[in-house]
Amino acid sequence: DTAVSQTPKYLVTQMGNDKSIKCEQNLGHDTMYWYKQDSKKFLKIMFSYNNKELIINETVPNRFSPKSPDKAHLNLHINSLELGDSAVYFCASSRGGITEAFFGQGTRLTVV
Amino acid sequence: AQSVTQPDIHITVSEGASLELRCNYSYGATPYLFWYVQSPGQGLQLLLKYFSGDTLVQGIKGFEAEFKRSQSSFNLRKPSVHWSDAAEYFCAVGNTGNQFYFGTGTSLTVIP
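In order, the protein sequences belong to chains A and B.
Quick note: the first sequence uses this note's numbering, first residue 1183, plus one each step.
Quick note: the second sequence uses this note's numbering, first residue 10, plus one each step.
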């Protein structure tokens, strides 16, 4: 069983479209994250949710909206996609407290 | 503020040679330190972690890292590199608030 799974793995879309990326973890973790990895491999945290509540919201355009329907899911919705949104988006989860994060396989988003 | 510096953007080693990847962190309290590896097209896999105790930690795939508080470093080492170790390596620092901050990564190339 995959611990942290994201869908889709690849997403190609046109500018201006709205798209969503889904993430699910079966580890029973309380905290979930979205990271953006740019073309230079830099990983930047976007959002963090703990027990369905937003606890980190870094400087991210409000076109990006996370949704956590339950503790095991954290979806990322992006409105009005722009070329600069092209990146790999990683979902992650952690147990809480002093512990490591587990990452999904990533979603490569390409905006054309 | 927490930050992680990986001074080497890219390293090339011969198969069978030893490896050391550098990581320096900035954090006011006791740091929780991690090394992750990212193979092409894959997510991040945890290699090892340091929370407390013995400053030399062993990880998977024959990797180890040493925490040196006086130098604010957490360098990753492997005595003999295999071709399959070619990947991107990320050092990260975490805190009790479940926040993880990553370095910019070191790309490792292994030549036969």
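From the three backbone atoms N, C-alpha and C, an ideal C-beta is built for every residue, glycine too.
Bear in mind the structure is a predicted one, so any value in this text is a computation, not a measurement.
Tell me whether residue i sits in a helix, a strand or coil according to DSSP, three-state version.
i, result
"A/K1306", "Here chain A comprises residues numbered 1183 to 1294, so residue 1306 of chain A is not present and cannot be evaluated."
"A/K1253", "coil"
"A/L1167", "In the structure displayed, chain A extends from 1183 to 1294; residue 1167 of chain A sits before or after that span and is not available."
"A/L1209", "coil"
"A/L1258", "strand"
"A/L1193", "strand"
"A/L1265", "helix"
"A/S1275", "strand"
"B/V119", "strand"
"A/A1185", "coil"
"A/A1283", "strand"
"A/P1248", "strand"
"A/N1232", "strand"
"B/T14", "strand"
"A/V1270", "strand"
"A/N1239", "strand"
"A/S1221", "coil"
Is there a Cβ from chain A that is less than 8 Å from the Cβ of residue i?
i, result
"B/E97", "yes"
"B/Y124", "Because chain B spans 10 through 121 in this model, residue 124 of chain B falls outside it and cannot be assessed."
For residue i, return the contacting residues in chain B, with the cut-off set at a CB-CB distance below 7 Å.
i, result
"A/T1213", "N107"
"A/F1224", "T113"
Is there a Cβ from chain B that is less than 8 Å from the Cβ of residue i?
i, result
"A/I1300", "Here chain A has residues from 1183 to 1294 only, and residue 1300 of chain A is not among them."
"A/Q1287", "yes"
"A/S1230", "yes"
"A/I1227", "yes"
"A/G1210", "no"
"A/S1167", "Lying outside 1183 to 1294, the shown extent of chain A, residue 1167 of chain A is not represented and no answer is given."
For residue i, count neighbouring Cβ atoms within 10 angstroms of its own Cβ and tell me buried if that reaches 16, exposed if not.
i, result
"B/Y45", "buried"
"A/S1221", "exposed"
"A/E1264", "exposed"
"A/K1249", "exposed"
"B/S12", "exposed"
"A/E1206", "buried"
"A/A1283", "buried"
"A/D1267", "buried"
"A/M1214", "buried"
"B/W92", "exposed"
"B/P40", "buried"
"A/G1136", "For chain A, the structure presents residues 1183 to 1294; residue 1136 of chain A sits outside this window and is missing."
"B/H19", "exposed"
"B/K70", "exposed"
Is residue i near the ligand PLP, with its Cβ less than 7 Å from a heavy atom?
i, result
"B/S27", "This structure does not include the ligand PLP; it has no bound ligands of any sort."
How would you list, in chain order, the residues of chain A whose beta-carbon sits under 7 Å from the beta-carbon of residue i?
i, result
"B/K58", "E1282"
Can you list the residues of chain B that residue i reaches, using a CB-CB cut of under 8 Å?
i, result
"A/F1272", "G52, L53"
Just to make sure I have the definition right: I need the residues of chain A whose C-beta is within less than 9 Å of the C-beta of residue i. Which are they?
i, result
"B/F76", "Going along chain A, no residue has its Cβ under 9 Å from B/F76, so there is no contact; the nearest lies around 14 Å."
Closer than 9 Å by beta-carbon distance: list the chain B residues that pair up with residue i, in chain order.
i, result
"A/G1279", "T105, N107"
Quiz prompt | Ranges of the beta strand (DSSP E) found wholly within the segment 22 to 106 of chain B, counting only runs of at least 3 | solution = 28 to 30, 33 to 35, 41 to 47, 53 to 59, 65 to 67, 73 to 77, 82 to 87, 96 to 103
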